[in-house]
Amino acid sequence: MDVEQVAALLILLAIPYFYGLIGVEILYAKWKGRKVYRLNDSITDINMGILDRILDIFAKVAVIGAYILCYESFHLLEIGLNSPVAWIVAFVLVDFCFYWSHRMCHTINFLWACHVVHHSSEEMNLTVALRQSATESLFTWTFYLPLAFIGFPWPMWVICYQINLLYQFWVHTQMVGKLGPVEWIMNTPSHHRVHHGADEKYIDKNHAGVFIIWDRMFGTFQEEEEDPTYGIVTPLRSWNPVWGHLHYWVRLFNLSRSAKRLREKVLVWVKSPPWLPEGVEPTPPEKTVRYPAYQKFDIPIGKGLTAYTFLQFLTLMGLVSALMFTEQTLAFGEKFLAAMMILWALVSVGGLLERKRWALISEFLRVPAMILFLSAVAVRMGLLPSARISIGVAFLAIVGLLFFGWAISLRREFSEPLLDPASIEVTEAENLAK
10 MDVEQVAALL
20 ILLAIPYFYG
30 LIGVEILYAK
40 WKGRKVYRLN
50 DSITDINMGI
60 LDRILDIFAK
70 VAVIGAYILC
80 YESFHLLEIG
90 LNSPVAWIVA
100 FVLVDFCFYW
110 SHRMCHTINF
120 LWACHVVHHS
130 SEEMNLTVAL
140 RQSATESLFT
150 WTFYLPLAFI
160 GFPWPMWVIC
170 YQINLLYQFW
180 VHTQMVGKLG
190 PVEWIMNTPS
200 HHRVHHGADE
210 KYIDKNHAGV
220 FIIWDRMFGT
230 FQEEEEDPTY
240 GIVTPLRSWN
250 PVWGHLHYWV
260 RLFNLSRSAK
270 RLREKVLVWV
280 KSPPWLPEGV
290 EPTPPEKTVR
300 YPAYQKFDIP
310 IGKGLTAYTF
320 LQFLTLMGLV
330 SALMFTEQTL
340 AFGEKFLAAM
350 MILWALVSVG
360 GLLERKRWAL
370 ISEFLRVPAM
380 ILFLSAVAVR
390 MGLLPSARIS
400 IGVAFLAIVG
410 LLFFGWAISL
420 RREFSEPLLD
430 PASIEVTEAE
440 NLAK
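Going from the sequence shown to my numbering is simple: count from 1 and add 9.
Below you can see the structure in the form of structure tokens.
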């Protein structure tokens, strides 16, 4: 087993623990009488992470290859993989590089366009840890190049980086309080709650991955005081994972197009998020302060549509898991086709959660397409013996017809008028009047 497979195996083995801990957090929060989960938000969290995993299948070879190229071009030291001290030093330096890449993701607009995905949830729970950007690693790998030039082989970087990310899972929770002396050295849930706060005093603080000492050293540390308001200052207001990845890029494009000077058209992409070209007003208006009466984005859906959407989400999870376990044995074309089917399902589930009419039409097309795809995959991988192919395909067809009929029965939910998401936001004037 090569190192790339070891790194992938770390993630695969961690998945059951992730979902087990999510279940524990849900039960503990319910026991404590706290509501920290919403189904639509958590499904979107995981769907964002799925999009990240899918792109990673295709991008990781290029990213690791670029690191290897830099390492082979020049490195100062010959560092062996069998040195425990080297692994410890590599782990600390990976976290140091993570701090700076993370900090720059909050400082440079085009990097924030990638990283904003992770911050766009208005909740703080363990599923938010899975809400990862599919595009961020395409840029942030460059912050780890000093490790290559020092002489750390790529396996050290990849494995230490994966362990760093795995550590960060547990700090995305409201159910763990402050941890005494540990708070001085390690990143903790209290520190990371601050990082996810949209309140003015909490914005761009506590960028640490594992060790909070970097924030203390470089002036970005903030103690948790009052409870944060989670999310971003201009809320996403969508359950569509693709739009969640694109919305800030669209904003930057529009700002660049609106700028009058060529210099400002370029600066838009590298300045900090609050910066605006001369004479350009923010659209929509920026909110640097949240108000007590602020309401989170939510679109109510009926129990039938909730059950249908959740079942489609579980089916999607199964398909993604199968792809992650078998990607080494699949040809590029097969992986690409599977990725497109998953992408279609991600967008469709997001549309169902928003009761978009196009999502219902999408389901009428997607369900038969998915049945055909799964049938082809089952035959291709030998999961259906030749004598039972017709039986297996017939079974999948029956399942597809049941889903199809179920989707038709839900069409009335999509004919009801929707509340304009913007109307649920309490304006400053309304709040002050109270």
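Where is the CB? At the ideal position from N, CA and C, for every residue including glycine.
Per the DSSP secondary-structure output, residue 195 pairs in a beta bridge with 220. If you ignore the 5 residues before and after residue 52, its C-beta comes within less than 8 Å of the C-beta of 248, 318, 319, 322, 358 and 362, all in its own chain and listed in chain order. Judged by DSSP in its simplified three-state form, residue 206 adopts strand.
Shown here, residue 46 sits in coil according to DSSP, grouped into three states, outside any helix or strand. For residue 211, the secondary structure class from DSSP, reduced to helix, strand or coil, is coil. Around the CB of residue 341, fewer than 16 other CB atoms lie within 10 Å, so the residue is classed as exposed. If you draw a straight line from the Cα of residue 25 to the Cα of residue 274, it comes to about 46 Å. By the 16-neighbour rule on beta-carbons within 10 angstroms, residue 365 is buried. Ranked by Cα distance from residue 284, the options 271, 330 and 264 are led by 264. Rounded to the nearest angstrom, the Cβ distance from residue 239 to residue 206 is 7 Å, consistent with a contact under 8 Å.
Distance from residue 133 to residue 183 at the Cβ level is roughly 5 Å; contact confirmed, criterion being Cβ atoms closer than 8 Å. One thing to note: residue 146 has its Cβ no nearer than 8 Å to the Cβ of residue 137. Nearest neighbour of residue 160 by Cα position, chosen from 84, 214 and 225, turns out to be 84. Only buried fits residue 60, as 16 or more other CB atoms lie within 10 angstroms of its CB.
Residue 304 counts as exposed, since fewer than 16 other beta carbons sit within 10 angstroms of its beta carbon. Shown here for residue 329: same chain residues with a beta carbon closer than 8 Å to its own, the five before and five after excluded, namely 59, 62, 63 and 351 in chain order.
At least 8 Å separates the beta-carbon of residue 115 from that of residue 218. Counting C-beta pairs closer than 8 Å gives three or more between the segment 78 to 97 and the segment 146 to 158, which meets the contact rule. In this structure, residue 46 sits away from residue 150, with a CB-CB distance that is not shorter than 8 Å. In this structure, the CA atom of residue 74 is about 42 Å from the CA atom of residue 369.
Runs of the alpha helix (DSSP H) lying entirely within the segment 14 to 95 and spanning at least 4 residues, in chain order: 48 to 82. The beta carbons of residue 123 and residue 107 sit no closer together than 8 Å. The residue from 277, 89, 280 and 268 with its alpha-carbon nearest to that of residue 288 is 268.
A direct Cα-Cα distance of roughly 11 Å separates residue 32 from residue 39. Beta-bridge analysis with DSSP links residue 239 to 206. Beyond the five residues adjoining it in sequence on each side, residue 230 comes within less than 6 Å, by CB distance, of 224 in the same chain, given in chain order.
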